[in-house]
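Colleague:
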Amino acid sequence: MASNKLNIDGIMLFEQPFARVPYENYRKIFRASQKNIERELGAVQSAAADLARRTPDTQDSVRTLETMITRVETLKRKLSDLQDGPSAQTQAVMRERLHHLNSVDELQHPSDPEFVRWADTRLDRWLVDWALRHGKDKTARKIAQEKGIETLVDIDLFMDIRRIEDALGKHSCAEALAWCSENKSALRKLKVLLSSFSSIHVYSRAPQSTLEFDLRLQEYIELARARKAQEAMAYSKKHLVPWQETHLAQIQQASALLAFPPTTACGPYKRLYDPIRWTHLTHTFRLAIFNLNTLPSEPLLHLALYAGLASLKLPACYEPGTRNPDCPVCDPPLGRLATEVPYSHHVNSTIVCRISGRIMHGDNPPMAFPNGYVYSREALEEMAAKNGGVVKCPRSGMECEFSKLTKLPLSCPPHPSLQAENPLVYPENQMPDGARQRRAASPKHEPDVVGHDTDKSETSTTKTESLTIHWSDLPEWMHDNEYILTGYRRELNSWTACVLSVFRYLHNETVNIHSHLEAAFLFLFFLATFDGAYLSAYDTVSWKDYAVFTIFLSAGIFCFFSSAFFHISTAHSQPVSSRCHAFDYSGIVVMIVGSSYPAIYYAFYCEWYYQVAYLTLITTLGLLAAYIVLNPEYSRPTHRGARTKVFIALGLSSVWPVSHALFSHGFKTLCHEMGFQWLLLSGAMYIVGALLYANRIPEKLAPGKFDYFFASHQIFHFFVVGAALAHYACILIAFNHWHDKIRICPS
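Going left to right, the sequence shown walks through residues 1 to 747 as this note's numbering numbers them.
This is the structure we're talking about:
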């Protein structure tokens, strides 16, 4: 049952941004005042020293003294204005917020009238925060004024954010660079602070540490886009070269940008010119200013709802016969709101080890590495037995003695960082702010949940929103399509986790995987049934018919399975993904060659010498292409030309027999007897799908809108399946023509 005592520590932890924002404002005011004092006093001291060194001149000395007095009086007036102006206002805001927090410190019970009033005010603050984040400025101001909480909300901060983001939207970096200059020291400290999390998983990868460089680089790109070469080189020397110690590779690449026009098709430079970079800059800036002020990237209202609903949500909440009227999640509107929220972590939940795929339970408890990654004890004991007592985290590469691991209780309070495939537990002093705030907002409770029978055997798989990440959070090797912004799986480093991701949660590879996985099973069905459905109906069928049908259908199975296998592997690791990518290419080669066998066999059914010539040519080119895609030596950029030539030759090899058949039999005859129209449809679908994929349409037209469905790669997959089915229809028509109508070759 839930505890009746207020979780004051959790409330205060969740309110960190509430106190941090005015502190950051006061810090900036103090820094500006300090610089002003240092500048004015430095000028006065310099003038005094200069006066002491010069030959005495009464009038000159008087003028110098008057100037010094004027500067001191001006400084005094500025400090006085500061005390009565921004400084006083910020101090008043800080006092109001501290008073608001202190008012809850002495309360003990959630039903206390004072706490109810305090919670109502907090809810008003969260509503204002939500409105400000969603551009509802007038609504936010109206709520703040009507509730009298202007000093308790961060309207000015979000107005600054809006102003800078609007400037970035208009392709101007001036406002953002000015903000970086004002907060340079704080950003440096923030970078050092976040670097302490480099050995563990965090919710964001501290993009603010390179924000100023990214802005400078974008200004350089705009000069290159305008073809202002001299200005661009001068700008690079002044603003980019100072970053060469940490960004040398990017600076070198940017230097070569001047040699490419904005319309270039060269991948790396095309991406530099892409306007989508402005969207990424806006996202990076927002993360930076949020982290600087300890603000979560999600609205506070969402975090509160997330924590509350996640602590109660069960599969039973969505079963009509097991709903409880006292459970908020069982209420249909709140249940819809909780759709994307993970299930509660309680004794009926199932946590699966990403190493072994086994369920963790009392006899196989979770064990935590010192860096926070968690796996089952059985899997780690087996690893330790093989490695002399040493275990290695497959995710981070960390090695340690088995005795250094920490056993974790399975009945711990719900924590959003736990995942079904790879639970994560953070030491209290290293927990990211987002996870810390979500946990702080969760009520302290026992494993059983009010309103649901804990004796039921049903289990639920724990999922979290952090299973997928944004493009900006990807490691460099996973960058492929910059127009797909969300839905990326994390780098999993585990085949078990990769396979589970196919069925456990939605990501931007889900459609790619299932489209070809189901197609592979469809062609497997065709392979198992083609004899009984077609070939056994004719007594003129020979082993050659069985061979070409088997080759084509097996090629389809191999192609679709290799494609699905590659897309499953894209979240594993760079070496594994690269090898599987070569496997995917080999599937394409096999499909091209395998499709040619039945087409050539039936197109030249009675001309065996043409069959042998064309099939020998295509098979040879296919073997050469397979060697190139599977040989690591040819995967280097220096062999791009050789790869391209072989694939072009392989693709064009089918043009010769098709042209020969057209010349020999005529278009109408081929369509009537050989199903040539289906072969043309197959080729058209391959070409159209490839063009959409190569040009990244439609996601290029609306970045972020096609992250999960209808992206160019997904459309290409369905076109490939359709093309293979059209090719199969062509083969069946040709087969029926020769065995139903002709039956024997003319002498």
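Every residue, glycine too, gets a C-beta built ideally from N, C-alpha and C.
Remember, it's a predicted structure, so these values are computed and weren't measured experimentally.
Do V646 and Y686 have their C-beta atoms within less than 8 Å of each other?
Modeller: No, they are not a contact pair.
Colleague: Mind checking who C400 pairs with in its DSSP beta bridge?
Modeller: Paired residue(s): V391.
Colleague: Between which two residues does the alpha helix (DSSP H) harbouring V721 extend?
Modeller: Run containing V721: S712 to N736, per the alpha helix (DSSP H) assignment.
Colleague: May I ask you to report which of helix, strand or coil DSSP gives T464?
Modeller: The pLDDT assigned to T464 is 35, lower than 50, so where the model puts this residue is not dependable, and the model offers no usable value.
Colleague: Under 8 Å Cβ to Cβ from S199, same chain only, skipping five residues before and after it: list those, please.
Modeller: Bear in mind that a pLDDT of 31 at S199, under 50, signals an unreliable position, so the number given afterwards is only what the model happens to contain. N371, S396 and M398.
Colleague: Please tell me whether C498 and S569 are closer than 8 Å, where the distance is taken between their beta carbons.
Modeller: Their beta carbons are under 8 Å apart, which means C498 touches S569 by this criterion.
Colleague: At what residue ranges does the stretch 305-389 contain a whole run of the beta strand (DSSP E), taking only runs of 3 or more?
Modeller: The stretch 305-389 contains these whole beta strand (DSSP E) runs: 366-368 and 374-376.
Colleague: Start and end of the alpha helix (DSSP H) containing G666?
Modeller: Unbroken run through G666: none, as it is neither H nor E.
Colleague: What does the alpha-carbon distance come out to for the pair R122 and T282?
Modeller: About 29 Å.
Colleague: Does the stretch 111-122 come within contact of the stretch 276-296, defined as at least 3 CB pairs closer than 8 Å?
Modeller: They do not touch, by the three-pair rule.
Colleague: Helix, strand or coil: how does DSSP classify K270 here?
Modeller: Three-state DSSP puts K270 in a helix.
Colleague: Quick check on this structure: which residue in L692, W678, F706 and L492 has the alpha carbon closest to the alpha carbon of A726?
Modeller: Checking every option, the nearest Cα to that of A726 belongs to W678.
Colleague: Going by DSSP in three states, G10 sits in which element: helix, strand or coil?
Modeller: Helix, per DSSP.
Colleague: Can you tell me whether S752 is buried or exposed, with buried defined as 16 or more other CB within 10 angstroms of its CB?
Modeller: Residue 752 is absent from the structure shown; the chain starts at 1 and stops at 747.
Colleague: Can you tell me whether Y269 is buried or exposed, with buried defined as 16 or more other CB within 10 angstroms of its CB?
Modeller: Classification for Y269: buried.
Colleague: Given that a residue counts as buried once 16 or more other Cβ atoms are within 10 Å of its Cβ, and exposed if not, what is W748?
Modeller: The structure shown does not extend to residue 748, since the chain is modelled only from 1 to 747, so the question has no answer here.
Colleague: Could you name the residues that DSSP lists as bridge partners for Y803?
Modeller: This structure leaves residue 803 out entirely; the chain is present only between 1 and 747.
Colleague: Where are the alpha helix (DSSP H) runs, 4 residues long or more, that stay fully inside the stretch 517-605, in chain order?
Modeller: 543-569 and 574-603, all fully within the stretch 517-605.
Colleague: Measuring CB to CB, does S562 end up less than 8 Å from S586?
Modeller: Result yes, Cβ atoms of S562 and S586 sit closer than 8 Å.
Colleague: Among P110, L314, L553 and G666, which residue has its Cα nearest to the Cα of I750?
Modeller: Outside the displayed range of the chain (1 to 747) lies residue 750, so it cannot be described from this structure.
Colleague: From T468 to G357, what distance separates their C-alpha atoms?
Modeller: T468 and G357: Cα-Cα distance of roughly 20 Å.
Colleague: With H567 and I513 assumed to form a contact (beta carbons below 8 Å), what rounded beta-carbon distance in angstroms separates them?
Modeller: Rounded, the Cβ-Cβ distance is 5 Å, consistent with contact.
Colleague: Could you check how far apart the C-beta atoms of D274 and G487 are, in whole angstroms? I think they sit under 8 Å.
Modeller: No, D274 and G487 are not in contact; Cβ-Cβ is about 20 Å, not under 8 Å.
Colleague: Alpha carbon to alpha carbon, what distance is there between T510 and L485?
Modeller: About 15 Å.
Colleague: Thinking C-beta only, is A571 closer than 8 Å to R489?
Modeller: Going by C-beta atoms, R489 is nearer than 8 Å to A571.
Colleague: Just the C-alpha distance for L309 and C330, rounded to the nearest angstrom, thanks.
Modeller: Near 10 Å, if we compare the C-alpha coordinates of C330 and L309.
Colleague: Could you compute how far the alpha carbon of M360 sits from the alpha carbon of Y375?
Modeller: When rounded, the distance between both Cα atoms is 9 Å.
Colleague: May I ask you to list the residues that DSSP assigns as paired with K407?
Modeller: DSSP lists M367 as partners of K407.
Colleague: Expressed to the nearest angstrom, what Euclidean distance is found between the alpha-carbon atoms of I251 and A702?
Modeller: Cα-Cα distance, rounded: 29 Å.
Colleague: How far does the alpha helix (DSSP H) with M233 in it extend, from its first residue to its last?
Modeller: Counting along the chain, the alpha helix (DSSP H) containing M233 begins and ends at A229 to Y235.
Colleague: Run the CB neighbour count on H247, radius 10 Å, all protein chains shown included, and call it buried at 16 or more, exposed below.
Modeller: It counts as buried.
Colleague: Tell me whether V576, by its Cβ, gets closer than 7 Å to a heavy atom of the ligand ADP.
Modeller: The ligand ADP is absent from the structure shown, which contains no ligands of any kind.
Colleague: Cutting at 8 Å between CB atoms, please list the residues of its own chain near A729, excluding the five before and the five after it.
Modeller: Only G675 and W678 meet the Cβ criterion.
Colleague: Please confirm if the stretch 147-157 is in contact with the stretch 94-109, defined as three or more CB-CB distances below 8 Å between the two stretches.
Modeller: The stretch 147-157, when compared against the stretch 94-109, does touch it at the 8 Å Cβ threshold.
Colleague: Is the Cβ-Cβ distance between I600 and L650 less than 8 Å?
Modeller: No, the pair does not count as a contact, with Cβ atoms beyond the cut-off.
Colleague: Measuring alpha carbon to alpha carbon, tell me which of L652, L101, Q253 and W656 ends up nearest G10.
Modeller: Measuring from the Cα of G10, the nearest candidate turns out to be L101.
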